[in-house]
Every structure is written in structure tokens, then in C-alpha cells.
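Using our numbering, count along the sequence shown one by one with no gaps and you end on 956.
Think of the CB as a built atom: it goes at the ideal place given N, C-alpha and C, for glycine as much as any other residue.
Just so we're clear, the structure is a prediction, and the values are computed from it rather than from any experiment.
In what follows, a structure is listed as C-alpha cells, so that the remarks can point back to it.
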Amino acid sequence: MSSHRRRRGFRGRPLLTLLAAAFLLVGVCAATGIAWDPFARASGQDGAAASAIGTPWSAGTGTGSGSPTPDATGQAPPAPGGSPGGEDQSPGSAAGAGDADGQRPAGALPFDLPAPAALRTGGAGRKLVFAHYFTPYPLSLDNASADADYYTRNYLDPGGENGKHERYGGLLRDRPLPVRPKGGNWERANLEQEVRTARAAGLDGFTLDMLSLSGPNRDRAHLLMEAAHAVDPAFKIMLMPDMTSLNTDDPGVLADAVAALGKAPAAHRLGDGRLVVSPFKAEAKDVAWWTTVLDLLKSRHGIRTAFVPTFLDFDANSARFAPISHGFSEWGSRSYVGQDSATRDVQRAHGMGKIWMQPVSVQDARPNQGIYDEAGNTATLRSTWTHAIDDGADWVQLTTWNDYSEGSQFAPSLHNGYAYLDLSSYYLTKFKTGSWPEIVRDTLYVSARTQFAAADPTGSQSLVMSLRKGSAAPRDTVEVLSFLTAPATVRTAVGTARDEHEAPAGIHSALLPLRPGTSSAVVVRDGKPGAEVKLPYAADRTVKVQDLQYYAVTSGRD
Numbered sequence: 399m400s401s402h403r404r405r406r407g408f409r410g411r412p413l414l415t416l417l418a419a420a421f422l423l424v425g426v427c428a429a430t431g432i433a434w435d436p437f438a439r440a441s442g443q444d445g446a447a448a449s450a451i452g453t454p455w456s457a458g459t460g461t462g463s464g465s466p467t468p469d470a471t472g473q474a475p476p477a478p479g480g481s482p483g484g485e486d487q488s489p490g491s492a493a494g495a496g497d498a499d500g501q502r503p504a505g506a507l508p509f510d511l512p513a514p515a516a517l518r519t520g521g522a523g524r525k526l527v528f529a530h531y532f533t534p535y536p537l538s539l540d541n542a543s544a545d546a547d548y549y550t551r552n553y554l555d556p557g558g559e560n561g562k563h564e565r566y567g568g569l570l571r572d573r574p575l576p577v578r579p580k581g582g583n584w585e586r587a588n589l590e591q592e593v594r595t596a597r598a599a600g601l602d603g604f605t606l607d608m609l610s611l612s613g614p615n616r617d618r619a620h621l622l623m624e625a626a627h628a629v630d631p632a633f634k635i636m637l638m639p640d641m642t643s644l645n646t647d648d649p650g651v652l653a654d655a656v657a658a659l660g661k662a663p664a665a666h667r668l669g670d671g672r673l674v675v676s677p678f679k680a681e682a683k684d685v686a687w688w689t690t691v692l693d694l695l696k697s698r699h700g701i702r703t704a705f706v707p708t709f710l711d712f713d714a715n716s717a718r719f720a721p722i723s724h725g726f727s728e729w730g731s732r733s734y735v736g737q738d739s740a741t742r743d744v745q746r747a748h749g750m751g752k753i754w755m756q757p758v759s760v761q762d763a764r765p766n767q768g769i770y771d772e773a774g775n776t777a778t779l780r781s782t783w784t785h786a787i788d789d790g791a792d793w794v795q796l797t798t799w800n801d802y803s804e805g806s807q808f809a810p811s812l813h814n815g816y817a818y819l820d821l822s823s824y825y826l827t828k829f830k831t832g833s834w835p836e837i838v839r840d841t842l843y844v845s846a847r848t849q850f851a852a853a854d855p856t857g858s859q860s861l862v863m864s865l866r867k868g869s870a871a872p873r874d875t876v877e878v879l880s881f882l883t884a885p886a887t888v889r890t891a892v893g894t895a896r897d898e899h900e901a902p903a904g905i906h907s908a909l910l911p912l913r914p915g916t917s918s919a920v921v922v923r924d925g926k927p928g929a930e931v932k933l934p935y936a937a938d939r940t941v942k943v944q945d946l947q948y949y950a951v952t953s954g955r956d
């Protein structure tokens, strides 16, 4: 299998004008009951005056205007002290959109999600679901308002960071759902909010991408460990040393870095006390090297381990790594036609007496690498979850929680709101409990691109994305995914085209041709309209920047 990951610096994803960003932000906030003007800064909390643990610039390159300035060692200024929560973290406050207080808005899901305690006990508690956390993209990088923060100025803007991303149209195409600037230790408060959001979706924890041995990403990793334990001692962080990024060939250096995080209470351990270590691209080092790391963790730090390597190529490496491994995982394919090997992988792992952590994904589009996979609207998400359920995976890793430069995020984002995370909660419930949850309220999910797959950007972008080998063929479709309590008519609008189809009770996917304009759908039963949803971003045939990720919206929150 070809590599579906390259972890060198930070990766790509651009665009969205300030006006469009503000528009959707206001819409999402309104939908979730948050009253917030994204253009108004809280008094005394101007982003220019607030230091961050770190903004992910590359050492030696220019940063955008107004970004924190690293010192001579390349480090960002330290985060300000103060109480972790700050004034914005009281229950019911407008600290951020959506599940900031750990509670979903009423009616957000088509079913009633079991409480965390029910998902963590008995058989459900043995089926663990993690999401891959990527430290370069937290909720905020500089504690500034969304109209002028680092994401807007430097990552969404093709000319950001002194034009270093202009060749591929800007680093990012999406961003975390913006949060209001905070007082006190705002970085930890934001990390706590992400933990609450993940917990509210039913997740057991994060797999933490250990990108660096020092600097902002290392510091943020330590802060996440603190935040997770403070919010929920049962929410666990699985350590994932990134072997494409960590700059060491010394097993002792890595053992020390793992131990520094592994001693935190939030570190994921098995019931027998072993620390779970799941390196990304484990095959970058041989079995002897890893054996030395594990031995040093025990002899030098007193830490027993359960080794669960995550491979780019499971077939080529499973037999060699089996003697030192508790289980296996693979980064996986990002297209719905690339999942045929999943059943075989689980069977092979179980045949060796190992657990299997199944990758579950939404999509993958990387402007700065010039590649993308055809996700087929939500087809990849549904296919990977179905394999995890039907094939008997032991654990699941959502790949990823927040890697916006790969376009692979499940976390609430500007362009997708909570749609992908909410859909995952449905499949997660089946995975953990063994039973499909009852659909108790009609809910619609609409997904589409804002441009046609073959569109040629008219701006200055010179590197455009091409389809990755092995992916499904490109398609230009709008998907209306319905969760219905009873059969109903679903009326749709795609641009100027009006249509309707009959949808059964349960889950039903309808594909419509993409057309210029916005897309919407409404449930009609007994002649009366019910749940309705509109994707606020219009598709266009002429675009300045290529953006091949699917945008999504749910009627449960809009």
C-alpha cells in the first residue's frame, strides 16, 4: 500500500474569504444557541497582546504580520499564566460554539446517544474509539478573534506567511470552528474544550501525534495531557511517536520523550498497567531498535509497555513486528473503494493473537502535496465505520481529529460544523454496544463540494491536486443522507434543479448531480414539512483556488 501520510512539517489547505468565514461562523453559532459577534474582541484580550505556546511557523522562514515572534532558540513566547478555565469556561458561557460545556444541544442527533458511563463499561468499555490529535492545529493559535487570527491571516489566505503557500493556494481550506478569545490560560482552556467535545461524541480519548522532541508541539502535547485529566480522568491519551517527524535515531532519546508524557495520569494504559505506545509509521525503524526503546522504558523509567504499531504497510511488516507487539493498526485508505483489505487485516491480527485498531476516515485532500482521494461524499466515512463494526475490530482510530492540512478532520470545523462527528457518534454506538441505536428524530445530512472536480483554478495556484492511485474516480455529486423515523418524501434543491425522492425509515443515501448554486433538502410527511437543511456554500464552475474537500451540514444543528 502506498503511503497515505508524510509527516515533515505542516501540510496544506487554503481559502475562504473573511466574509464567508464570518458568515458560516455566525450561522453555526446561531444554530447552536451561541450569541457571538466574531468581529468583536473581548476587552483586554486582543490577540496581539496574548502570547501562545506556539504558532506552527517553520524555523528560519518569515511569519505573517502580527504572529508571535520566536526567540533565538526558535521557541514561541510562553503561554500566560492564570486559571486554566478563565472567565469564559463557566457552564453555559459563550466560550465556543457547540459542545463547549460537554452537553449536546437538544435534538442534535437522530438518536439518543448513551451517556459516557454506558459507553465505557462492560463490553462497550472494551471497544475503544480514539481520534488522532495533531498538535499544530488547536482551536486557536494566538487567542485572537476569527476575523484576524493566525488561521485567517496566514493559513486560509493564499498569500499568508509571506506567500510561502501561494503555489498551492494557501496552507488550509478549512479551520477549527472558531472560539472567542479568553483570559487566563487560554490554550489549556481550548484544549479542555476539545476534550469535552470529543467526550460528548462518545470518544474514549485521543491518539496524540508526538511530532517534536522540543518546541511548541511538544509543549502543546504536555498541555493536552493536563487538560484531558482535568476534564475527565477516564479520557485517555494514547501516545503515537511520529517516526516521519521525530528527529532522532537514538532509542534512548525517544524512550525519554515517551516516558515524560507516559507518566501523566491521562496516558492510556491497559488494565494491567502497561503504557500503550502506538508509533506512526513504526516500520521506519527495525524491530531491534524498537526492542531497545521498550527495554529502556522499563529499565530506565520503570514503564512496562503494550506496543501497538501503526503501519503504512501492514502486510509487509506484521510478521516481523508480531513478537514485540500487543496489537496492530494501519493508517489506511481514504477512498471508499480502498477498504477491501480491512477484513483481511483484522483476521490476520486476530490470528496472531493481537488486537486490531481500525482506521476510520472522512476524506483526504492535501493541496501542499498535490494529491487527494475521492471520498464519495460520506461513502468513505460510512464504509470505514462499517468495516470496523462488521470485521470485529477491537479499537478504532478516527484519522484524523484535526489535521486540516490533509482535509481529514472529524472535529467541528468552519465548513463542516459537527456533521462528520455527529455521524460518527451513530456508528460508534453500534461499534461499542453491538446494537444499532433507534432513530427517534428525522435528521438530514447534506454534503457536496463547492467546485467541480475538474475545475481549473484561475488564481496564482500552480500546484493542483491530482487523484491518488487506487482511489475511486472523481465524481460531482450532492449527497442527501437521511435518518428517518418513518418513510417520507425528501424534497431537494441543487442550484435551480428541484427534485424529490421517497426515503424509507432508517438510513438512506440519495445522490444528485452537482450544479452551480447551493444545495438543500427538507423532509415532507403527510404533506407537512419537517427537518430541513441547507448547505450555505454555493458550488461554482469558476474558482480561484482548488478545494476538493467535501463540505457538510446537518439539520440537527442548523
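Length of the line joining the Cα atoms of residue i and residue j
i: Gln-473; j: Gly-613; result: The pLDDT assigned to Gln-473 is 32, lower than 50, so where the model puts this residue is not dependable; a value taken from the coordinates is nonetheless given after this. Computed Cα separation, rounded: 6 Å.
i: Glu-681; j: Asp-771; result: 24 Å
i: Asp-762; j: Ser-864; result: 12 Å
i: Met-641; j: Val-675; result: 12 Å
i: Pro-397; j: Asn-615; result: Shown here, the chain extends from 399 to 956; a query on residue 397 therefore has no answer.
i: Lys-634; j: Leu-673; result: 11 Å
i: Ala-529; j: Leu-589; result: 14 Å
i: Val-651; j: Pro-914; result: 54 Å
i: Phe-741; j: Asp-670; result: Per the sequence presented here, residue 741 reads as Thr, with Phe not at that position. Approximately 29 Å, taken between the alpha carbons.
i: Val-629; j: Arg-889; result: 42 Å
i: Leu-946; j: Leu-694; result: 45 Å
i: Phe-712; j: Val-862; result: 30 Å
i: Leu-391; j: Leu-569; result: Outside the displayed span of the chain (399 to 956) sits residue 391, for which this structure offers no information.
i: Tyr-824; j: Asp-788; result: 15 Å
i: Asn-552; j: Pro-835; result: 42 Å
i: Ala-919; j: Lys-926; result: 14 Å
i: Ala-809; j: Thr-605; result: 14 Å
Exposure of residue i, with buried meaning 16 or more beta-carbon neighbours within 10 Å
i: Val-931; result: buried
i: Thr-519; result: exposed
i: Thr-471; result: Low confidence applies here, because Thr-471 scores a pLDDT of 27, under 50, leaving its location unreliable; read the following figure in that light. Classification for Thr-471: exposed.
i: His-620; result: exposed
i: Glu-900; result: exposed
i: Ala-977; result: Only positions 399 to 956 of the chain appear in this structure, which leaves residue 977 out of reach.
i: Gln-737; result: buried
i: Ala-626; result: buried
i: Ala-884; result: exposed
i: Arg-939; result: exposed
i: Pro-508; result: buried
i: Asp-602; result: buried
Pick from the options that is closest to residue i, judged by C-alpha positions
i: Gln-795; options: Lys-752, Leu-912, Glu-728; result: Glu-728
i: Ser-697; options: Phe-726, Lys-679, Ala-657; result: Ala-657
i: His-906; options: Arg-732, Asp-617, Leu-879; result: Leu-879
i: Ala-598; options: Gly-790, Pro-503, Asn-715; result: Pro-503
i: Thr-916; options: Pro-902, Thr-894, Tyr-818; result: Thr-894
i: Gly-749; options: Ala-717, Thr-778, Ala-777; result: Ala-717
i: Asp-854; options: Ala-544, Gly-567, Leu-526; result: Gly-567
i: Gly-768; options: Ser-739, Thr-782, Ser-803; result: Ser-803
i: Ala-936; options: Gly-925, Tyr-949, Val-943; result: Tyr-949
i: Glu-585; options: Leu-609, Ala-542, Thr-856; result: Ala-542
i: Gly-868; options: Ala-773, Phe-829, Ala-891, Thr-887; result: Ala-773
i: Leu-909; options: Asp-924, Arg-571, Ala-891, Leu-511; result: Ala-891
Element boundaries [beta strand (DSSP E), containing residue i]
i: Asp-607; result: 603 to 608
i: His-906; result: 904 to 911
i: Ile-753; result: 753 to 758
i: Ser-823; result: Note, Ser-823: premise wrong, no beta strand (DSSP E); alpha helix (DSSP H) at 817 to 831.
i: Ser-845; result: 841 to 846
i: Ala-950; result: 949 to 952
i: Gln-795; result: 793 to 796
i: Phe-881; result: 875 to 882
i: Ala-891; result: 886 to 892
Boundaries (first-last residue) of the alpha helix (DSSP H) holding residue i
i: Glu-590; result: 584 to 598
i: Met-623; result: 614 to 629
i: Ala-901; result: First-last for Ala-901: 895 to 901, but that is the beta strand (DSSP E), not the alpha helix (DSSP H).
i: Thr-782; result: 777 to 788
Beta strand (DSSP E) runs contained entirely in the segment 664 to 741, provided each spans 3 or more residues: 673 to 675, 703 to 705, 725 to 728
Length-filtered (4 minimum) alpha helix (DSSP H) runs lying within the segment 517 to 575: 520 to 524, 558 to 561
Residue ranges of each alpha helix (DSSP H) within the segment 627 to 661, 4 or longer: 649 to 660
Every unbroken beta strand (DSSP E) inside the segment 908 to 937 [3 residues or more]: 915 to 923, 926 to 937
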